[in-house]
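The sequence shown begins at 5 in this note's numbering and counts up by one.
Ideal Cβ positions, reconstructed from N, Cα and C, are used throughout, including at glycine.
Computed from a predicted model, the values in this text were never measured in an experiment.
Worksheet: the structure to be examined is printed underneath.
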Amino acid sequence: MLKTTTAVGKPDDSDRPAAAAAGRILDELRFGVLVTDGEGVVIDANETARRTVAAAHGSWPDEATCCSLFGCHRHEPLHQHCIARLAAESEEPLTELRIGLPAERPTHAAWITAARLAEDGSTVVMHLRPAPLHDRRRRTKVHWDSEPELQIRALGRTEVEVEGIAVEGDWLLQRPGQLLKYLVSRRGRPAHVDEIVEALWPRAERPGRSTVRFFVHALRERLEPGRASRAPSAFITSTSSTYALDPRVAVDLDDFETLAAVAEQVPATTLDKRPDAVASLKQALDLYRGDLFEEEPYAEWAFPERERFRNLAYQAVSVLVEHCRANDDAATARSYLERCIDLWPLDQRLHHALIGLLLEQGRHGDAERRYNAFRKRLRDVFDEEPRFELTDFVNSRP
Numbered sequence: 005m006l007k008t009t010t011a012v013g014k015p016d017d018s019d020r021p022a023a024a025a026a027g028r029i030l031d032e033l034r035f036g037v038l039v040t041d042g043e044g045v046v047i048d049a050n051e052t053a054r055r056t057v058a059a060a061h062g063s064w065p066d067e068a069t070c071c072s073l074f075g076c077h078r079h080e081p082l083h084q085h086c087i088a089r090l091a092a093e094s095e096e097p098l099t100e101l102r103i104g105l106p107a108e109r110p111t112h113a114a115w116i117t118a119a120r121l122a123e124d125g126s127t128v129v130m131h132l133r134p135a136p137l138h139d140r141r142r143r144t145k146v147h148w149d150s151e152p153e154l155q156i157r158a159l160g161r162t163e164v165e166v167e168g169i170a171v172e173g174d175w176l177l178q179r180p181g182q183l184l185k186y187l188v189s190r191r192g193r194p195a196h197v198d199e200i201v202e203a204l205w206p207r208a209e210r211p212g213r214s215t216v217r218f219f220v221h222a223l224r225e226r227l228e229p230g231r232a233s234r235a236p237s238a239f240i241t242s243t244s245s246t247y248a249l250d251p252r253v254a255v256d257l258d259d260f261e262t263l264a265a266v267a268e269q270v271p272a273t274t275l276d277k278r279p280d281a282v283a284s285l286k287q288a289l290d291l292y293r294g295d296l297f298e299e300e301p302y303a304e305w306a307f308p309e310r311e312r313f314r315n316l317a318y319q320a321v322s323v324l325v326e327h328c329r330a331n332d333d334a335a336t337a338r339s340y341l342e343r344c345i346d347l348w349p350l351d352q353r354l355h356h357a358l359i360g361l362l363l364e365q366g367r368h369g370d371a372e373r374r375y376n377a378f379r380k381r382l383r384d385v386f387d388e389e390p391r392f393e394l395t396d397f398v399n400s401r402p
């Protein structure tokens, strides 16, 4: 049994000879062993670990945590992370790191790696071995300390690039690609394996969880063919029975959402004084190449997000059109509406706005042709009539 911290107290192994022998062996090892909970609080430590820490910090702290010992959240290479939490959330052992001890003003250094003991991440074991203080030649570049070079364009037909190179092929229409798109649609929160199975493959012949694990592996191989065996993925993270897209992966949805939000934040009547807002809305429409995951028109799991982004795009168009009309720029307003009608040919709001704009310009023939073409398409597809008529525009004039 390992030596415990003073907060836990020293265990009594007098009636457990085998456990006592194991504890003596661990204490005699020339490398340190620490056991923490998932939040980094040290539960146990062998004698070598305690001596290593005490030599650097002056003593073994009363309430030791990995953050206080190794500079988590404060110093490289853990300036934005906690090593215990990283290990708790990873299915594989972490890459070995070289850490200065103490992190604030190193007088010693150690190589440290960590791995979770419990599948739920509640217990983590760390391995420490001495390192020459001034030897920087072997400093490890860790995947969480660099930006993943994966870019995903989900508006329109899905496109994927890794390090600037397009990852093309039919795989995006197959199960690894469907899994990637599902994780994109759920970005910001982990997706449980049961949720993934129910959404993507509810009638899968193979056992559900095995299916997900198999295609997670296939997806990682597709995105990171050079990843070392058992090395953590920089793109697809895992915790217990959940998977998620790494939040640093570049997805066009995030940029579009930020830019399009201006439509709700800035009234159209004030856009003349906000050229930055106008530029943001134009950039948002440039990003909107089409509806979310255009090649998956019948994927029910994509419906809510697809509709949400479609509404954001419509709001951006509406504000820009209103801005253009207020500035007597009917040509630009018409181009915005025509572009969106190409995306959504059955949207009655867009046709109503465009036909009204044409009539205001005195282009009665164009308005009539637009109306009749829209009416025919609506009849052919839904056997319905438009909710407005040309006479409505005439009757609505003052």
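Out of 379, 132 and 397, the CA that lies nearest to the CA of residue 389 is found in 379.
Residue 157 is bridged by DSSP to 163.
Separation of residue 265 and residue 316 (C-alpha to C-alpha, rounded to the nearest whole angstrom) is 7 Å. Per DSSP, the beta-bridge partners of residue 132 are 36 and 116. With respect to residue 212, residue 220 sits apart: the two C-beta atoms are not nearer than 7 Å.
With respect to the 7 Å criterion, residue 247 and residue 195 are classified as neighbours on the basis of their beta carbons. The Cβ atoms of residue 267 and residue 325 lie no closer than 7 Å to each other. Around the CB of residue 62, fewer than 16 other CB atoms lie within 10 Å, so the residue is classed as exposed. Going by beta carbons, residue 39 and residue 48 fall inside the 7 Å limit. For residue 109, no alpha helix (DSSP H) segment is defined, and its DSSP state is neither H nor E. DSSP places residue 102 in the strand class (E or B) of the three-state scheme. In the displayed model, residue 247 falls within a strand according to three-state DSSP.
Inter-residue distance for residue 129 and residue 292 is about 47 Å (C-alpha atoms, whole angstroms). For residue 93, no alpha helix (DSSP H) encloses it, and the DSSP letter there is neither H nor E. Between residue 127 and residue 346, the alpha-carbon positions lie close to 55 Å from each other. Taking a 10 Å sphere around the C-beta of residue 178, we find fewer than 16 other C-beta atoms and assign the residue as exposed. Looking at the backbone, the Cα of residue 235 and that of residue 158 are separated by about 27 Å. For residue 270, the secondary structure class from DSSP, reduced to helix, strand or coil, is coil. Residue 165 and residue 261 have their C-alpha atoms spaced approximately 20 Å apart. With at least 16 other beta carbons inside 10 angstroms of its own, residue 355 counts as buried. When 116, 243, 255 and 385 are compared, the shortest CA-CA separation from residue 122 is found for 243. Distance check between residue 276 and each of 42, 98 and 327 places 327 closest, using alpha-carbon atoms only. For residue 287, the enclosing alpha helix (DSSP H) has its first and last residue at 279 to 291. Between residue 287 and residue 357, the alpha-carbon positions lie close to 22 Å from each other. Excluding the 5 residues flanking it on each side, residue 296 has same chain C-beta neighbours closer than 7 Å at 158, 159, 306, 309, 310 and 313, in chain order. The straight-line gap separating the alpha-carbon atoms of residue 94 and residue 115 is approximately 19 Å. Take residue 270, set aside five residues on each side of it, and the residues of its chain with a beta-carbon closer than 6 Å to its own are 278 and 281, in chain order. When 361, 360, 338 and 382 are compared, the shortest CA-CA separation from residue 349 is found for 382. Between residue 92 and residue 42 a beta carbon distance of about 4 Å is seen, short of the 8 Å cut, so the two are scored as contacting. Counting of Cβ neighbours within 10 angstroms places residue 376 among the exposed residues, the total staying below 16. Counted as a single uninterrupted DSSP element, the alpha helix (DSSP H) harbouring residue 186 occupies residues 179 to 189. By the 16-neighbour rule on beta-carbons within 10 angstroms, residue 365 is exposed. Excluding residues up to 5 positions away in sequence, 213, 216 and 245 lie with their Cβ nearer than 6 Å to the Cβ of residue 197 in the same chain. In terms of CA proximity to residue 273, 329 leads the group 329, 394, 82 and 387.
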